[in-house]
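Undergrad: According to numbering that gives the first Met the number 0, the sequence shown is numbered sequentially starting from 0.
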Amino acid sequence: MGRILRGLKLGMKSLLLHKLRSGLTVLGIVFGVAAVIAMLAVAEGSSRDAQERIQQLGATNLIVRSVKPSDETQATNTGGGRRSILNYGLKYEDFDRIMATVPTIKKALPIREIKKQVRHLDKYIDGRVVGTTHEYDQFNRLDMERGRFLTEADNEKVMNYAVLGHETATTLFPYEDPISQSIKIGNDYYTVVGVTRERAPPPPSAAASRARSSTRTSTSP
Numbered sequence: 000m001g002r003i004l005r006g007l008k009l010g011m012k013s014l015l016l017h018k019l020r021s022g023l024t025v026l027g028i029v030f031g032v033a034a035v036i037a038m039l040a041v042a043e044g045s046s047r048d049a050q051e052r053i054q055q056l057g058a059t060n061l062i063v064r065s066v067k068p069s070d071e072t073q074a075t076n077t078g079g080g081r082r083s084i085l086n087y088g089l090k091y092e093d094f095d096r097i098m099a100t101v102p103t104i105k106k107a108l109p110i111r112e113i114k115k116q117v118r119h120l121d122k123y124i125d126g127r128v129v130g131t132t133h134e135y136d137q138f139n140r141l142d143m144e145r146g147r148f149l150t151e152a153d154n155e156k157v158m159n160y161a162v163l164g165h166e167t168a169t170t171l172f173p174y175e176d177p178i179s180q181s182i183k184i185g186n187d188y189y190t191v192v193g194v195t196r197e198r199a200p201p202p203p204s205a206a207a208s209r210a211r212s213s214t215r216t217s218t219s220p
């Protein structure tokens, strides 16, 4: 124990003999440790941001789309004769078949996207209307800015309800609250029940492959 105390006293005397050198050494250690901590914090923040963006892209989602057949394909199928009624696309039977035959699927969500003009009084926007169910916000991890998202009870009501994207709501309602207001899509009217929060733009590599919907709707039966 005595040797340790003598060693500490000798070390303190040596440091006090060269105060400037000792001070610079301490500052170097402090700044070095602070720089390492700052770099680790920045790296961890970037990692979390990248993980959140990957989650928003739906990295675990599998999207099955139907494509309208070309005129040449239709003519071949009809033998070049009288054109019959075009019948294509994914149906509810296909939805049930996928759920029954693919065991790794946890949930499935039917979606129909249509490009339509969305109008409120004299303001309008050419948007992408998404017909879907109340589980859509869980699949896309949507955050609500105002109001609420669609609920299962909305399908049992006579009225039609819609949830607007941030950009759509800003365009159609620049000076008023869109909640409980009416919008017109095609020949039908919808009551706005919610507005989604503005989301960060996707990475450039995913921008071309991701369909960004500006309006999300649910039609009552």
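All residues carry an ideal CB built from backbone N, CA and C; glycine is no exception. Please read all numbers here as calculations on a predicted model, not as lab measurements.
1. Cα separation between Pro220 and Glu155?
2. Helix or strand or just coil, what does DSSP make of Ser181?
3. Ends of the alpha helix (DSSP H) at Met11?
4. Helix, strand or coil for Val192 per DSSP?
5. So for Val35, helix, strand or coil by DSSP?
6. With distances taken from CA atoms, which of Gly146, Leu19 and Leu7 is nearest Val162?
7. Looking at C-beta atoms only, is the number of pairs between the region 23-32 and the region 111-123 that lie closer than 8 angstroms three or more?
8. Please specify which runs of the beta strand (DSSP E), each continuous and at least 3 residues long, are wholly inside the region 78-136, giving them in chain order.
9. First and last residue of the alpha helix (DSSP H) that includes Leu171?
10. Distance, Cα to Cα, Val63 vs Val32?
11. Take His165 and list the residues in its own chain whose beta-carbon comes closer than 7 angstroms to its own, dropping the five residues that flank it on each side.
12. In whole angstroms, what separates the C-alpha of Pro68 from that of Thr131?
13. Compute the distance between the beta-carbons of Val191 and Pro177, then report whether it is under 8 angstroms.
14. Tell me which residue opens and which closes the beta strand (DSSP E) that Glu144 is part of.
15. Would Gly126 and Thr167 be called neighbours here (beta carbons separated by less than 8 angstroms)?
16. For Tyr135, which option in Tyr123, Lys122 and Leu149 has the closest C-alpha, if you only look at C-alpha atoms?
17. Anyone know if the C-beta pair for Pro184 and Val128 falls short of 8 angstroms?
18. So, using beta-carbon positions, are Ile182 and Arg118 closer together than 8 angstroms?
19. Taking the Cβ atom as the reference point for each residue, do Asn159 and Tyr123 lie within a distance shorter than 8 angstroms?
TA: Let me lay it out:
1. The predicted position of Pro220 is uncertain, since its pLDDT is 34 and thus under 50; no value can be drawn from it.
2. Ser181 sits in a strand when the DSSP states are folded into three classes.
3. Counting along the chain, the alpha helix (DSSP H) containing Met11 begins and ends at Gly1 to Leu16.
4. In this structure, Val192 counts as strand in the three-state DSSP scheme.
5. The three-state reading of DSSP puts Val35 in helix, counting H, G and I together.
6. Among Gly146, Leu19 and Leu7, the Cα nearest to that of Val162 is on Gly146.
7. Touching, no, given that fewer than three Cβ pairs across the two stretches are closer than 8 angstroms.
8. With a minimum length of 3 residues, the continuous beta strand (DSSP E) runs that stay inside the region 78-136 are 111-119 and 122-130.
9. In this chain, the alpha helix (DSSP H) harbouring Leu171 covers His165 to Leu171.
10. Taking the straight line joining both Cα atoms gives about 51 angstroms.
11. Cβ neighbours of His165 within its own chain (closer than 7 angstroms, five residues either side excluded): Glu144, Val194, Thr195, Arg196 and Glu197.
12. The alpha-carbon atoms of Pro68 and Thr131 are separated by roughly 23 angstroms.
13. It is a contact, given that the beta carbons lie within the stated cut-off.
14. Where Glu144 is concerned, the enclosing beta strand (DSSP E) stretches over Met143 to Gly146.
15. In contact: Gly126 and Thr167 (Cβ atoms closer than 8 angstroms).
16. Nearest option by C-alpha distance: Leu149.
17. The sequence as given places Ile at residue 184; Pro does not occur at that position. Yes, these two residues count as a Cβ contact at 8 angstroms.
18. A contact, by the Cβ cut-off of 8 angstroms.
19. The answer is no: Cβ separation not under 8 angstroms.
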